[in-house]
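So the number in the working numbering is just where the residue sits in the sequence shown, counting from 1, plus 3. Everything on this sheet refers to the single structure shown next.
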Amino acid sequence: MDFREQKICELFGDSKGFLPKARLEKYALRLQQIPTDKLVEFSIFADSFRENYQNTDMLLNKALNEWGKLLLAKAQAKGLRYFQSVDGLAEFCKKTYKEQLLCNCGKGSGFKDFVIISVDSDGNLRNNFVVLDNGTFQRLTSDETAQIFNWLFENQHKIGNVEYINPSYEEETPAIEHKQELIPQNKQVASMVKQLSNKLALKRA
4 MDFREQKICE LFGDSKGFLP KARLEKYALR LQQIPTDKLV EFSIFADSFR
54 ENYQNTDMLL NKALNEWGKL LLAKAQAKGL RYFQSVDGLA EFCKKTYKEQ
104 LLCNCGKGSG FKDFVIISVD SDGNLRNNFV VLDNGTFQRL TSDETAQIFN
154 WLFENQHKIG NVEYINPSYE EETPAIEHKQ ELIPQNKQVA SMVKQLSNKL
204 ALKRA
């Protein structure tokens, strides 16, 4: 047993720091993204969720998800790119934001900015603006999903940052502008009708 495995046993094993071999291998795999010198810090972070997650497997799952969000938030605050590949980003989003809201959209995403994307229990992306007859949100197609993940890769600050935007404002604004464009045309038509009416009146006279 190497130093890292021993540390995992001490932090996540029983009161005597023991873990069965199979469970140790499982935890070592799940904790592979945590540097060895950060294991103690992560363990303290995980303990903050212990009240609601007595089972160690569930505790690790929750803590790893929240730890990933924390690291992402730190990178976002510094304007840094956290993910180095679209695949890595997609895997993170599907796992970390499962049954949660992922982002609202924007230019280049394929959807209006008031559309909110969520991740369902199977890791599929859903359009929360469209509710189907069975009461579920519309599932994105494979092409739409790929476009969202590619867009998020270029806009990593959008991950987890959900804004609720009133769609009526987005829809009504173009309509108002369209009406304003028609006003001069309506005046011109009215003037032409008036002139034609005057000419007809003169002929009758």
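Backbone N, C-alpha and C fix where the C-beta goes; we use that ideal spot for every residue, glycine too. In this text the structure is predicted, and so the values were computed from the model without any measurement.
For residue i, does the count of other Cβ atoms within 10 angstroms reach 16, so buried, or fall short, so exposed?
| i | result |
| --- | --- |
| THR99 | buried |
| VAL122 | buried |
| ARG129 | buried |
| PHE45 | buried |
| SER112 | buried |
| ASN107 | buried |
| ILE47 | exposed |
Report yes if the CB atom of residue i is closer than 8 Å to the CB atom of residue j, and no otherwise.
| i | j | result |
| --- | --- | --- |
| TYR85 | LEU74 | yes |
| LEU62 | ALA49 | yes |
| ILE168 | ILE120 | no |
| PHE132 | PHE156 | no |
| LEU12 | PHE21 | In the sequence under discussion, the amino acid at residue 12 is Cys, which differs from the Leu named in the question. Yes, Cβ-Cβ distance for CYS12 and PHE21 is below 8 Å. |
| TYR30 | PHE15 | yes |
Residue i and residue j look like a contact to me (Cβ under 8 Å); what is the Cβ gap, rounded to whole Å?
| i | j | result |
| --- | --- | --- |
| LYS19 | LEU42 | 18 Å between Cβ atoms; not a contact. |
| GLN79 | HIS160 | 5 Å |
Which one or two residues does DSSP pair with residue i in a beta bridge?
| i | result |
| --- | --- |
| ASN55 | BP columns for ASN55 are empty, so no partner. |
| ILE128 | This sequence places Leu at residue 128; Ile is not what is there. Its beta-bridge partners are VAL122. |
| LEU74 | None; LEU74 has no bridge partner. |
Go through the region 133 to 167 residue by residue and report every complete run of the beta strand (DSSP E) that reaches 3 residues or more, in order. Whole beta strand (DSSP E) segments, 3+ residues: 140 to 142.
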